Amino acid sequence: MPTCPPSFDLIDPVLFEIGPLAVRWYALSYIAGLFLGFYYVLQLIRRPALWTTHAKPVAAPMDKGFAEELLLWVMVGVIAGGRIGYVLFYQTAAIWERPLWIITGITEGGMSFHGGLIGVMIAMILTARAYKVPFLNVTDAVAAVTPIGLLLGRLANFINGELYGRPAPDLPWAMRFEHDPLCLLRHPSQLYEAFLEGAVLLVLIAFLIWRFRALARPGLVTGVFLAGYGVFRAFVEIFREPDSHMPEALQGYVTMGMLLCIPMVIAGGYLVWRAYREPVTSTPGMLRPDRKAKDTKKS
Numbered sequence: 001m002p003t004c005p006p007s008f009d010l011i012d013p014v015l016f017e018i019g020p021l022a023v024r025w026y027a028l029s030y031i032a033g034l035f036l037g038f039y040y041v042l043q044l045i046r047r048p049a050l051w052t053t054h055a056k057p058v059a060a061p062m063d064k065g066f067a068e069e070l071l072l073w074v075m076v077g078v079i080a081g082g083r084i085g086y087v088l089f090y091q092t093a094a095i096w097e098r099p100l101w102i103i104t105g106i107t108e109g110g111m112s113f114h115g116g117l118i119g120v121m122i123a124m125i126l127t128a129r130a131y132k133v134p135f136l137n138v139t140d141a142v143a144a145v146t147p148i149g150l151l152l153g154r155l156a157n158f159i160n161g162e163l164y165g166r167p168a169p170d171l172p173w174a175m176r177f178e179h180d181p182l183c184l185l186r187h188p189s190q191l192y193e194a195f196l197e198g199a200v201l202l203v204l205i206a207f208l209i210w211r212f213r214a215l216a217r218p219g220l221v222t223g224v225f226l227a228g229y230g231v232f233r234a235f236v237e238i239f240r241e242p243d244s245h246m247p248e249a250l251q252g253y254v255t256m257g258m259l260l261c262i263p264m265v266i267a268g269g270y271l272v273w274r275a276y277r278e279p280v281t282s283t284p285g286m287l288r289p290d291r292k293a294k295d296t297k298k299s
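Note that our numbering has the sequence shown beginning at 1, numbered continuously upward.
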């Protein structure tokens with residue numbers, strides 16, 4: 001039984017059911033985000049001029065084979081890191097009280113962006129080392145497409161009626177959400193995040209890439225993404241329902257999301273500073289996976 005009649009219930013959180021299997025918009029948003037991101041990365045790879053200031057660029061620093069391998073491990077990193085991070089950051093007690101829920105409860109939602117980011121970082125490090133592709137080029141490619149997944153993921157949160165905002169009874173667009181035990185009119189903070197962390201960040205980074213060749217400065221796109229996400233997320237946390245497990249003295253002022261964004265902003269600022277301090281890339285400097293295989297055979 002719903003706890004509260006929601007203001008928006010035009011879309012069922014469950015897309016369709018086959019026996020005990022329920023396919024939810026939440027899961028579909030992850031899948032769509034990954035594959036749309038993969039398609040966007042391929043478009044960037046097919047345009048070597050975006051990655052270098054060289055008059056006649058030969059190739060991007062990675063190719064389709066590398067992107068396919070990266071997609072596989074990024075999927076693992078997003079799901080494993082996102083779930084583990086959610087439990088560690090927001091549901092720590094569940095580790096001891098109901099450990100199996102860490103896995104079985106994934107169908108109910110509950111993924112941490114910051115945990116997923118750590119999982120993706122590990123995937124990028126391992127894949128870049130295996131293929132000998134410059135690490136910052138890899139992070140730039142992934143950072144350019146991540147806002148797509150954030151946009152879709154926040155829309156799925158809205159459809160699920162989760163991660164809602166603080167009470168806002170006088171706000172014209174305030175909404176009630178099904179899982180709110182108090183049934184209050186609240187900020188639709190999921191939509192704020194979809195707009196800022198998803199749409200705005202995607203357009204900003206795309207503008208820097210396509211207009212100013214930001215990919216020619218390794219680490220610049222990554223830095224803009226980290227700092228931009230950190231600032232936008234910390235801002236929206238003002239409107240999100242605060243975390244109940246924070247120390248009482250901090251509740252209402254500081255949230256876990258804000259704390260986790262601080263190192264992101266610092267790291268992002270450093271990468272932007274570093275990108276402009278280092279000389280612009282003038283040559284592609286690519287080692288393709290097929291070249292690596294040939295070199296291995298020769299040795």
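For every residue, glycine included, the Cβ atom is placed at its ideal position computed from N, Cα and C.
As the structure is a computational prediction, the values presented were derived from the model and not from experiment.
Take residue i and list the residues in its own chain whose beta-carbon comes closer than 8 Å to its own, dropping the five residues that flank it on each side.
i, result
"T3", "E178, H179, D180, P181, C183"
"L259", "none"
"Y270", "G223"
Please list the terminal residues of the continuous beta strand (DSSP E) segment that includes residue i.
i, result
"F16", "14–18"
Where do the N-terminal and C-terminal ends of the alpha helix (DSSP H) with residue i fall, by residue?
i, result
"S189", "189–193"
"K132", "That residue, K132, is in no alpha helix (DSSP H); it is neither H nor E in DSSP."
"Q43", "25–45"
"E69", "64–90"
"A263", "Rather than Ala, the amino acid found at residue 263 in this sequence is Pro. Element bounds for P263: 256–277."
"I238", "No alpha helix (DSSP H) holds I238; DSSP gives it neither H nor E."
When you measure from the CB of residue i to every non-hydrogen atom of the ligand MN, does any distance come out below 7 Å?
i, result
"L185", "Among the components of this structure there are no ligands whatsoever, and the ligand MN is therefore not found."
Output needed for residue i: all residues of its chain with C-beta closer than 6 Å, excluding positions within five of it in sequence on either side, in chain order.
i, result
"P317", "Residue 317 cannot be examined here, being either before or after the span of the chain that is shown, 1 to 299."
"P188", "M175"
"A234", "M258, C261"
Quick check on DSSP: helix, strand or coil for residue i?
i, result
"L10", "coil"
"M111", "coil"
"R213", "coil"
"G165", "strand"
"L21", "strand"
"R186", "strand"
Who are the Cβ neighbours of residue i in its own chain at under 7 Å, not counting the five residues just before and after it?
i, result
"I159", "I11, P13, W25"
"L50", "L44, I209, R213, L215"
"Y229", "E197, L201, M264"
"F8", "M175"
"V231", "V265"
"E248", "The predicted model places E248 with a pLDDT of 46, which falls under 50 and marks its position as unreliable; any figure quoted below should be read in that light. Once the five neighbours on either side are set aside, E248 has no close Cβ partner at all."
"L15", "V23, R24, W25, L28"
"F239", "G165, R166, H187, S189, Y192"
"A199", "L151"
"A275", "R217, P218, G219, L220, G223"
"V41", "A67, A141, V145"
"P279", "none"
"M75", "L34"
"P5", "R176"
State the CB to CB distance for the pair residue i and residue j, rounded to an integer number of angstroms; the pair is presumed to be in contact (CB under 8 Å).
i, j, result
"V221", "A144", "5 Å"
"G119", "G82", "7 Å"
"W73", "A123", "4 Å"
"I84", "G65", "So it is not a contact: roughly 29 Å between Cβ atoms."
"V224", "G268", "7 Å"
"I205", "P147", "7 Å"
"L155", "A194", "5 Å"
"V138", "L71", "About 12 Å separates the two Cβ atoms, so there is no contact after all."
"M111", "Y86", "5 Å"
I want to know whether the region 148–159 touches the region 32–49 - three or more CB-CB distances under 8 Å. Proximity of the region 148–159 to the region 32–49 meets the contact definition, three or more beta-carbon pairs being nearer than 8 Å.
Touching or not, the region 129–140 and the region 77–95, by the rule of three or more beta carbon pairs under 8 Å? No, because fewer than three Cβ pairs between the region 129–140 and the region 77–95 fall closer than 8 Å, the two stretches do not touch.
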